[in-house]
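K.L.:
One gets the numbering used here by counting positions in the sequence shown from 1 and adding 399 to each.
The C-beta atom is built at its ideal place from N, Cα and C for all residues, glycine as well.
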Amino acid sequence: MKIENNSVVSIHYTLTGEDGEVIDTSEGRDPLNFLAGASNIIPGLEQQLIGCSVGDKKDVVVQPEDGYGELQADLIQTLPKDMFTGIEKIEVGMEFQAQGPNGEVQFVVVKDVADDGITIDANHALAGKVLNFAVSVEAVREATQEEIDHGHVH
400 MKIENNSVVS IHYTLTGEDG EVIDTSEGRD PLNFLAGASN IIPGLEQQLI
450 GCSVGDKKDV VVQPEDGYGE LQADLIQTLP KDMFTGIEKI EVGMEFQAQG
500 PNGEVQFVVV KDVADDGITI DANHALAGKV LNFAVSVEAV REATQEEIDH
550 GHVH
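1) Taking the CB atoms as reference points, tell me whether serine 425 and valine 539 lie closer together than 8 Å.
2) Please give the ranges of any beta strand (DSSP E) in the segment 404 to 480, keeping only runs that are unbroken, at least 3 residues long and fully inside the region.
3) So, are the CB atoms of phenylalanine 495 and valine 504 less than 8 Å apart?
4) Using beta-carbon positions only, say whether valine 460 and glutamate 490 come within less than 8 Å of one another.
5) Starting from the C-beta of glycine 436, find all residues in its chain whose C-beta is less than 7 Å away, skip the five residues before and the five after it, and write them out in chain order.
6) For glycine 443, is the classification buried or exposed, using 16 other Cβ atoms within 10 angstroms of its Cβ as the cut-off for buried?
7) Can you tell me which of Phe532, Phe433, Val552, Gly550 puts its alpha carbon nearest to the alpha carbon of glutamate 417?
8) Using 8 Å for Cβ pairs, my map puts alanine 542 next to leucine 434. What's the rounded Cβ distance?
9) Pick from Lys401, Val529, Leu470, Thr415: whose alpha carbon is nearest that of aspartate 520?
10) Mapping DSSP to helix, strand and coil, what is aspartate 514?
11) Leaving aside the five residues before and after methionine 493 along the sequence, list all residues of the same chain whose C-beta is less than 6 Å from its C-beta, in chain order.
12) So what does DSSP say about isoleucine 519, is it helix, strand or coil?
13) Would you kindly report the start and end of the unbroken alpha helix (DSSP H) that includes glutamate 545?
Here it is, written out as structure tokens:
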């Protein structure tokens, strides 16, 4: 069976950056399962897997616009230190949950700590990056109606 929309797909993958450094891998873990066509994985990877079958191995390069998007400068901002009351020591790399402009939960990373404020970044960690996937298709099956209705694998 070939991968098409409403297929349940299991893949093993290794994700590397442009420098060849491994960012993530399923090696040593269970394969990644997803429902094709349900936006369970980034679009650039999903599109390249359509038509593949069990046993296929594929190298896929995903540009930022088809991955986690381009870096958005408006998601990087410097805030006054008094907005971080109750936190004893703030360091670069710390992650916080914040409330976005429309009330949604947003994850931010501290990029800089200075006397005049704390710079945070709400971009996804992989935004703006070219992603290189080495993928092996492990299993493909038709999704159940319940999986299709719910939009994910059960």
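P.N.:
Let me lay it out:
1) no
2) 406 to 415, 421 to 424, 431 to 434, 456 to 461, 475 to 478
3) no
4) no
5) Asn404, Asn405
6) buried
7) Phe532
8) 6 Å
9) Leu470
10) coil
11) Val509
12) strand
13) 544 to 549
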